[in-house]
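This note's numbering numbers the first residue of the sequence shown as 6 and each following residue consecutively. Have a look at the structure below, then the notes.
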Amino acid sequence: MQSSKHATLTWSNLLFPLALVLFEFAVYICNDMVQPAMLSVTREFMVDAAWAPASMTAFLAGGALLAWLTGPLSDRIGRRPVLLFGVGYFAITCLATYLVSSIEAFIALRVLQGIGLCFINAVGYASLQESFEESAAVRVTALMANVALIAPLVGPLAGAALLELAPWRSGFLFIAGLSLLSLLGLMWKMPETVAPSHERLPLSNMGRDYLKVFGQSRFVLSALCIPLLALPLMGWIALSPVLLVRDLHMSAVEYGLMQIPVFGGLIAGNLALAVVADRWPLGRSALVGMWPIVGGLLLMAVGIMLSATPQYWMAAGMTLMAFGEGLAFGVLYRFALMSSDAAGRGTISASMSMLSMAGYALGIELFRQVYQAAGLAGYAVVALSFSLAYVVVARRMVGIAMAERAAPAVEEGKLASQGA
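Structural data, given as structure tokens:
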């Protein structure tokens, strides 16, 4: 078990986060890279192309299956064995693609592959937060987020290019190779951050732990900040093909180009957070980020209602919003994770993951329903409403967390003055 936390970032202690983010990238690209191959899959199995969207649905369903178990399990037997098992398991499910011979078996395997998602936040990121001091953990999280963001950008392009050179199953071979490389790195550099326990793990105990965690209003509100912050961008990702291509008659290439500044804004925000995390009081960047979040979505709403070319105002507004999200996300994750001591960090991280997934599902469905009823203006109003709700909740929760962290410093200052 690791006895001390890293306060600074060096190449040596960054090897664990790099191995973890390589696994995260492999899991994410398993979703994004496969989509261009789905028409080839349906042709090989001689089924209708309507099966194509089922691949993503099955993968995401797998990601919701076991987060409730992997977090508490890692609290009891250790983060390291659970994560190493998860990485190895995911690599095997990718290689198993060579064994499927029907669309039903392929979709079932996609569910099993999606379970790989359950090991990232509930186990991997919990271990990372425990391995670094607070400001260093926020910086590492912000830097890792940029690597993970590459998956939705390069995945579809890489998948389409691979189809020109090799059979569709070779994509899963490539993903398995990345996972095995990550496994080697984790075996070498991943520390154990909890003392393993040999206690039994009855479901009733896990249920009580979850009830304790969700019974704390501070944790629930802190964790809710994350989906409230992310939902405007999630809504953009989910609906922008319809908003831009169908409604505003943009080409597929123009649609792709519109995504570049938006994701660029998110990457810039993450990089800015990495720079200021050890210079500003932790939490200040989240407060500063509220201005571009609300301002960007106001700009988008005004552009939609008043401009003859709303797509450019939408992209500009979402870019500002994404920059503010990048400034805030790593801090909010840390504050939410540390807001409760009712259970182990694995259980708390799993609780955050489940709450976020539920929030994303409900929020995106709300976007869809309102958009169908009220079009672009409805979409803008919902996005702005989420951002305002985020500001109301986050200002309070960030203020509480910052006050807690400032109190020891004030006390130390008083003791120093008395000693002088």
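Glycine residues also receive a C-beta, built at the ideal position from the N, C-alpha and C atoms. All values derive from a computational prediction rather than experimental measurement.
Where residue i falls, given that 16 or more other Cβ within 10 Å makes a residue buried
{"i": "Trp-193", "result": "exposed"}
{"i": "Ile-265", "result": "exposed"}
{"i": "Asp-346", "result": "exposed"}
{"i": "Pro-2", "result": "The structure shown does not extend to residue 2, since the chain is modelled only from 6 to 425, so the question has no answer here."}
{"i": "Ser-256", "result": "exposed"}
{"i": "Val-387", "result": "buried"}
{"i": "Glu-29", "result": "buried"}
{"i": "Thr-198", "result": "buried"}
{"i": "Gln-134", "result": "buried"}
{"i": "Thr-47", "result": "buried"}
{"i": "Arg-84", "result": "buried"}
{"i": "Thr-314", "result": "exposed"}
{"i": "Ser-202", "result": "exposed"}
{"i": "Ala-425", "result": "Its pLDDT being 49, under 50, Ala-425 is placed unreliably by the model, and the measurement read from it follows with that caveat. Counting Cβ neighbours within 10 Å, Ala-425 comes out exposed, since fewer than 16 surround it."}
{"i": "Ala-24", "result": "buried"}
{"i": "Val-258", "result": "exposed"}
{"i": "Val-280", "result": "exposed"}
{"i": "Ala-385", "result": "buried"}
{"i": "Glu-409", "result": "exposed"}
{"i": "Met-38", "result": "buried"}
{"i": "Met-239", "result": "buried"}
{"i": "Ala-378", "result": "exposed"}
{"i": "Ser-17", "result": "exposed"}
{"i": "Ser-79", "result": "buried"}
Residues of its chain near residue i, where Cβ-Cβ distance is below 6 Å and the 5 sequence neighbours each way are ignored
{"i": "Cys-99", "result": "Phe-177, Ile-180 and Ala-181"}
{"i": "Leu-420", "result": "For Leu-420, the pLDDT reaches just 48, beneath the cut-off of 50, and the residue's location in the model is therefore unreliable, although a value from the coordinates is still provided. Excluding positions up to five away in sequence, the list is empty."}
{"i": "Ala-96", "result": "Ala-181, Ser-184 and Leu-185"}
{"i": "Gly-301", "result": "Gly-322, Leu-325 and Met-326"}
{"i": "Gly-121", "result": "Val-32 and Phe-95"}
{"i": "Trp-56", "result": "Thr-47 and Ile-108"}
{"i": "Phe-391", "result": "Leu-233, Leu-236 and Pro-237"}
{"i": "Ala-228", "result": "Ala-341, Met-357 and Leu-360"}
Beta-carbon proximity list for residue i, same chain, < 8 Å, skipping 5 on both sides
{"i": "Asp-214", "result": "Pro-77, Ala-347, Ala-348, Gly-349 and Thr-352"}
{"i": "Ile-405", "result": "Arg-223"}
{"i": "Leu-371", "result": "Val-387"}
{"i": "Leu-226", "result": "Val-398, Arg-401 and Met-402"}
Distance CB(residue i)-CB(residue j) smaller than 8 Å
{"i": "Tyr-395", "j": "Cys-230", "result": "yes"}
{"i": "Met-319", "j": "Gly-329", "result": "no"}
{"i": "Val-143", "j": "Leu-342", "result": "no"}
{"i": "Val-32", "j": "Ile-112", "result": "no"}
{"i": "Pro-232", "j": "Ser-344", "result": "no"}
{"i": "Leu-271", "j": "Gly-331", "result": "yes"}
{"i": "Ala-282", "j": "Ala-412", "result": "no"}
{"i": "Val-375", "j": "Gly-368", "result": "no"}
{"i": "Gly-190", "j": "Leu-20", "result": "yes"}
{"i": "Gly-212", "j": "Ala-42", "result": "no"}
{"i": "Pro-303", "j": "Leu-244", "result": "In the sequence on display, residue 303 carries Leu and not Pro. No, the pair does not count as a contact, with Cβ atoms beyond the cut-off."}
{"i": "Leu-70", "j": "Cys-123", "result": "yes"}
{"i": "Ser-354", "j": "Ala-131", "result": "yes"}
{"i": "Pro-246", "j": "Tyr-260", "result": "yes"}
{"i": "Met-407", "j": "Pro-286", "result": "yes"}
{"i": "Ile-34", "j": "Ala-156", "result": "yes"}
{"i": "Ser-136", "j": "Pro-58", "result": "no"}
{"i": "Met-89", "j": "Thr-102", "result": "One detail in the question is off: residue 89 reads as Leu in this sequence, not Met. It is not a contact, given that the beta carbons lie outside the stated cut-off."}
{"i": "Val-299", "j": "Leu-393", "result": "yes"}
{"i": "Leu-381", "j": "Leu-248", "result": "yes"}
Rounded distance between the beta-carbons of residue j and residue i, thought under 8 Å
{"i": "Phe-64", "j": "Ser-107", "result": "About 18 Å separates the two Cβ atoms, so there is no contact after all."}
{"i": "Gly-322", "j": "Met-305", "result": "3 Å"}
{"i": "Met-149", "j": "Val-267", "result": "Incorrect: roughly 20 Å between the Cβ atoms, too far for contact."}
{"i": "Ala-235", "j": "Ala-291", "result": "Contact doesn't hold; Cβ gap of about 13 Å is too wide."}
{"i": "Ser-187", "j": "Val-92", "result": "6 Å"}
{"i": "Leu-253", "j": "Gln-316", "result": "5 Å"}
{"i": "Ser-358", "j": "Ala-110", "result": "Not a contact, Cβ separation roughly 28 Å."}
{"i": "Glu-139", "j": "Arg-339", "result": "6 Å"}
Cutoff 7 Å; reference residue i; Cβ partners in own chain excluding five residues on either side
{"i": "Ala-66", "result": "Val-116 and Gly-119"}
{"i": "Met-61", "result": "Asn-36 and Gln-40"}
{"i": "Val-152", "result": "Val-26 and Phe-30"}
{"i": "Val-52", "result": "Ile-108"}
{"i": "Val-293", "result": "Leu-332"}
{"i": "Ala-54", "result": "Leu-44 and Thr-47"}
Proximity test, Cβ basis, 8 Å: residue i and chain B
{"i": "Leu-25", "result": "Here chain B cannot be found, since the structure has a single protein chain."}
Write down every uninterrupted run of the alpha helix (DSSP H) in the segment 141-197 whose length is 4 residues or greater and which is fully enclosed by it, in chain order. Qualifying alpha helix (DSSP H) stretches, in chain order: 174-194.
Mind pulling the alpha helix (DSSP H) runs of 4 or more residues that sit fully within the segment 62-114? Look at the segment 62-114 and you find these whole runs of alpha helix (DSSP H), each 4 residues long or longer: 72-82 and 84-100.
Only counting runs of 4 or more residues, tell me where the alpha helix (DSSP H) segments fall wholly within the segment 222-309, in order along the chain. Runs found: 222-245 and 257-281.
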